[in-house]
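Chains as they are written, first to last, in the UniProt record's numbering: chain A, 1 to 285; chain B, 1 to 186.
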């Protein structure tokens with residue numbers, strides 16, 4: 001299977017391990033990722049928070065590029081997914097915006113939805129039975145708090161997720177890998193997101209609370225699908241808190257027995273290798 | 001029509017209510033103050049008024065108070081309020097509109113650092129076609145004066161190869177610049 005791939009800016013920098021694990025896991029699932037040539041920034045929070053036109057125009061350029069490739073496009077980053085999907089949704093449902101984008105970018109939009117959240121694509125399109133079959137080292141004894149955050153979830157009419165309050169796709173994926181998702185009430189709470197730099201203390205409170213709730217629910221680690229959540233959860237926490245945080249593709253790589261996992265752990269701000277080693281040891285015993 | 005505020009009687013600017021509703025595409029008049037939005041707001045304790053109060057003030061046409069508030073800048077856009085609003089008001093879209101109007105009208109942002117961060121982020125996108133986190137953060141530090149914030153973690157990220165020294169520009173940045181120029185003129 002061949003898919004267009006939009007990594008987004010974070011996956012070139014602070015979330016390099018997300019990019020490496022996305023590529024490795026996709027390959028293991030026989031999915032060929034074709035990176036969009038010369039892809040550009042989605043505009044992220046800063047565009048929609050300050051200029052509506054920019055928040056549609058920037059992602060619309062990517063929509064044009066995806067259409068040119070004629071492939072479904074997977075987006076690992078929750079924030080990029082949200083911006084691209086919102087632009088696509090508006091271009092499909094609002095004739096005015098569609099015409100404006102067509103004129104601005106000199107193309108004819110075919111109205112076909114092609115943007116997918118990578119996590120949802122794995123769960124719904126590749127399918128859990130296919131993924132389960134590839135598991136070499138089930139993540140036995142790993143209790144994990146599935147953290148969805150905001151942007152792959154809300155608004156639900158745009159993201160298309162199963163539930164805005166209690167989504168289950170990541171929980172189901174973790175079960176398919178042999179892990180045990182914990183029940184907790186903070187799976188869709190906000191980590192503080194883009195205010196991480198300008199309002200660090202506030203974000204430390206928000207992210208710290210998410211980690212505390214995951215711990216209280218008995219989780220050994222948090223798993224998520226957003227580079228900004230990952231950075232906040234690793235960087236904005238109380239001193240002494242050492243709960244590891246993983247990208248979902250990293251735990252897939254671990255369960256699929258991929259050799260690259262160690263390279264990913266070394267990129268983390270909170271070293272998850274001890275937990276990963278003990279999970280692997282449990283899997284082989 | 002007048003409203004009695006802490007600063008005395010004020011004329012209602014009902015045009016403001018209409019403009020915000022139209023630009024955001026949200027039916028602000030439908031808000032009946034159930035406060036479900038504020039109850040679930042993760043950053044409620046950090047602003048100067050609650051989400052439902054912002055909506056009420058828009059209904060009353062209190063333009064100055066709303067555009068000068070911290071609340072519109074501190075809103076992080078998590079969309080929790082909109083997902084729970086019984087009247088289907090996407091309040092995050094309303095907040096986007098309010099910030100945009102505040103910028104257009106030259107109102108000094110009540111949260112300067114947040115606006116400065118957005119500007120530095122977008123400048124980076126305009127320059128390179130993609131965000132270059134290293135130079136973007138450096139620019140923010142110089143302009144905000146928060147030079148020593150996060151130096152330790154920044155160095156750790158650099159050593160782990162997560163912050164490149166030099167930006168990676170893509171040729172398609174010319175298209176990106178064209179979009180910026182178009183958006184500015186609109």
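Backbone N, C-alpha and C fix where the C-beta goes; we use that ideal spot for every residue, glycine too. Here the structure is a predicted model, which means the values were calculated and not measured.
Neighbour flag for residue 109 of chain B against chain A, beta carbons, 7 Å: By 1-based counting over the second chain, the position of residue 109 of chain B is 109. By this cut-off, residue 109 of chain B is not an interface position.
Which of the residues in the region 152–174 of chain A, read from start to end, lie with their CB under 9 Å from any CB of chain B? 153, 154, 155, 156, 164 and 165
Is the region 28–43 of chain A close to the region 267–280 of chain A, with three or more CB pairs under 8 Å? no
Could you list which residues in chain A have their beta carbon closer than 8 Å to that of residue 58 of chain B, in chain order? As a working mapping, residue 58 of chain B is identified with position 58 in the second chain. Residues of chain A passing the Cβ test: none, with the nearest at roughly 17 Å.
Tell me the rounded alpha-carbon separation between residue 181 of chain A and residue 84 of chain B. Here residue 181 of chain A corresponds to residue number 181 of the first chain, with the count starting at 1. Here residue 84 of chain B corresponds to residue number 84 of the second chain, with the count starting at 1. Their Cα atoms are separated by approximately 25 Å.
Alpha carbon to alpha carbon, how far is residue 151 of chain A from residue 80 of chain B? Numbered from its first residue, the first chain carries residue 151 of chain A at position 151. Numbered from its first residue, the second chain carries residue 80 of chain B at position 80. Straight-line Cα distance between these residues: approximately 10 Å.
Can you tell which of A:21, A:3 and A:40 has its C-alpha closest to the C-alpha of residue 168 of chain B? Counted from its first residue, the second chain places residue 168 of chain B at position 168. Checked all of A:21, A:3 and A:40; the closest Cα to residue 168 of chain B is A:40.
Please list the terminal residues of the continuous beta strand (DSSP E) segment that includes residue 9 of chain B. For the purposes of this step, residue 9 of chain B is taken as the residue at position 9 of the second chain. That run of the beta strand (DSSP E) goes 8–11.
Could you check if residue 95 of chain B is buried or exposed, using at least 16 other CB atoms within 10 Å of its CB as the buried criterion? Here residue 95 of chain B refers to the residue found at position 95 of the second chain. Label assigned to residue 95 of chain B: buried.
Report yes if the C-beta distance between residue 244 of chain A and residue 219 of chain A is below 7 Å; otherwise report no. To locate residue 244 of chain A, count along the first chain from 1; it is residue 244. To locate residue 219 of chain A, count along the first chain from 1; it is residue 219. No, Cβ-Cβ distance for residue 244 of chain A and residue 219 of chain A is not below 7 Å.
Counting only Cβ-Cβ distances shorter than 8 Å, please list the residues of the region 164–177 of chain B near chain A, keeping chain order. 164, 168, 170, 171, 172, 173, 175 and 176
Along chain A, which residues have their Cβ under 7 Å away from the Cβ of residue 42 of chain B? For the purposes of this step, residue 42 of chain B is identified with residue 42 of the second chain, where counting begins at 1. Ordered by position in chain A, the residues that pass the 7 Å Cβ test against residue 42 of chain B are 189, 190 and 206.
Residues of chain B with a CB under 8 Å from the CB of residue 53 of chain A: which are they? Position 53 of the first chain holds residue 53 of chain A. The answer, in chain order, is 182, 183 and 186.
Could you tell me which residues DSSP puts in a beta bridge with residue 181 of chain A? Translated into the one-based positions of the first chain, residue 181 of chain A becomes position 181. Partner(s): A:144.
Start-end ranges of the beta strand (DSSP E) lying completely within the UniProt domain "Cysteine-rich" (144–233) of chain A, minimum 3 residues: 221–224
Runs of 4 residues minimum, wholly inside the region 14–45 of chain A: which ones carry the alpha helix (DSSP H) assignment? 16–28
In chain order, what residues of the same chain lie with their CB nearer than 6 Å to the CB of residue 107 of chain A, ignoring the 5 residues before and after it? For the purposes of this step, residue 107 of chain A is taken as residue 107 along the first chain, with counting starting at 1. Result list for residue 107 of chain A: 64, in chain order.
Are at least three pairs of beta-carbons, each pair with one atom in the region 119–135 of chain B and one in the region 89–107 of chain B, less than 8 Å apart? no
By Cβ distance below 7 Å, which residues in the same chain neighbour residue 168 of chain A in space, the five residues on each side in sequence not counted? Residue numbering aside, residue 168 of chain A sits at position 168 when the first chain is read from its first letter. 162.
What in chain B is Cβ-close to residue 88 of chain A, meaning under 9 Å? The count along the first chain starts at 1 and reaches residue 88 of chain A at position 88. Chain B residues near residue 88 of chain A: none, gap ~16 Å exceeds 9 Å.
How about residue 130 of chain B: is its C-beta nearer than 7 Å to some C-beta of chain A? As a position in the second chain, residue 130 of chain B is number 130, starting the count at 1. Yes, residue 130 of chain B lies at the interface with chain A (some Cβ there is under 7 Å from its Cβ).
For residue 117 of chain B, decide whether its Cβ has a neighbour in chain A, counting only Cβ atoms nearer than 7 Å. Numbered from 1 along the second chain, position 117 holds the residue referred to as residue 117 of chain B. True, the Cβ-Cβ gap to chain A drops below 7 Å.
Opening and closing residue of the beta strand (DSSP E) in which residue 247 of chain A lies: In the first chain, counting from the first residue as 1, residue 247 of chain A sits at position 247. That run of the beta strand (DSSP E) goes 245–247.
Unbroken stretches of the alpha helix (DSSP H), 4 residues or longer, contained in the region 64–144 of chain A: 78–93, 95–105 and 128–134
Identify, in the order they occur along the chain, each residue of the same chain with its Cβ nearer than 6 Å to the Cβ of residue 252 of chain A, setting aside the five sequence neighbours on each side. What you label residue 252 of chain A is simply residue 252 of the first chain in a count that begins at 1. Hits under 6 Å: 25.
Since I believe residue 14 of chain B is in contact with residue 225 of chain B (beta carbons under 8 Å), could you give me their beta-carbon distance rounded to a whole number of angstroms? Outside the modelled stretch of chain B, which goes from 1 to 186, sits residue 225 of chain B, for which no answer is possible.
Residue 153 of chain B versus residue 5 of chain A: straight-line alpha-carbon distance, rounded: Along the second chain, read from residue 1 onward, the residue named residue 153 of chain B stands at position 153. Along the first chain, read from residue 1 onward, the residue named residue 5 of chain A stands at position 5. Rounded to the nearest angstrom, the two C-alpha atoms are 30 Å apart.
Contact under 7 Å by Cβ, residue 166 of chain A with residue 196 of chain A: By 1-based counting over the first chain, the position of residue 166 of chain A is 166. By 1-based counting over the first chain, the position of residue 196 of chain A is 196. It is not a contact, given that the beta carbons lie outside the stated cut-off.
Could one say the Cβ of residue 240 of chain A lies closer than 7 Å to chain B's Cβ atoms, at least one of them? Locating residue 240 of chain A in the first chain gives position 240, counting from the first residue. So, not an interface residue.
Contacts that residue 57 of chain A makes with chain B (C-beta to C-beta distance below 7 Å): For the purposes of this step, residue 57 of chain A is taken as the residue at position 57 of the first chain. 179, 182 and 183, listed in chain order.
Could you give the residue range of the alpha helix (DSSP H) that holds residue 4 of chain A? Walking along the first chain from the start, residue 4 of chain A turns up at place 4. Premise fails: residue 4 of chain A lies in the beta strand (DSSP E), 2–5, not in any alpha helix (DSSP H).
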